[in-house]
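Novice: Pasting a structure here, questions to come.
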């Protein structure tokens, strides 16, 4: 799967059913080559070139439960 394909999928919290947004960036461990976490804009925030990193939300790769055709299901506390 390509990063561009991941970025098109909407992220859904399986506990609440809430839409969290779309992937904006990936954090990759350069030693292992594995994805550590995905980053998305904070809910309600719009992406712009002026976005501040402290407004972003990070979800660890372990919290991702399923990558489907259209969505990515994650399990987060809230």
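Residue numbers (the numbering used here): -7 to 70.
Using N, Cα and C, we set each Cβ at its ideal position, and we do this for glycine too.
(1) Would you report the Cα separation of residue 53 and residue 27, rounded to the nearest angstrom?
(2) Who are the Cβ neighbours of residue 68 in its own chain at under 6 angstroms, not counting the five residues just before and after it?
(3) Reducing DSSP to helix, strand and coil, say where residue -3 ends up.
(4) Between residue 11 and residue -3, which are expected to be in contact by the criterion C-beta below 8 angstroms, what is the C-beta distance as a whole number of angstroms?
(5) What is the DSSP secondary structure of residue 67, counted as helix, strand or coil?
Specialist: This is what the structure gives:
(1) When rounded, the separation of the alpha-carbon atoms in residue 53 and residue 27 is 7 angstroms.
(2) Within the same chain, residue 68 has close Cβ partners 5 and 55.
(3) In the structure shown, residue -3 falls within a helical segment according to DSSP collapsed to helix, strand and coil.
(4) Not confirmed; about 18 angstroms, so no contact.
(5) DSSP places residue 67 outside both helix and strand once states are collapsed to three, so it counts as coil.
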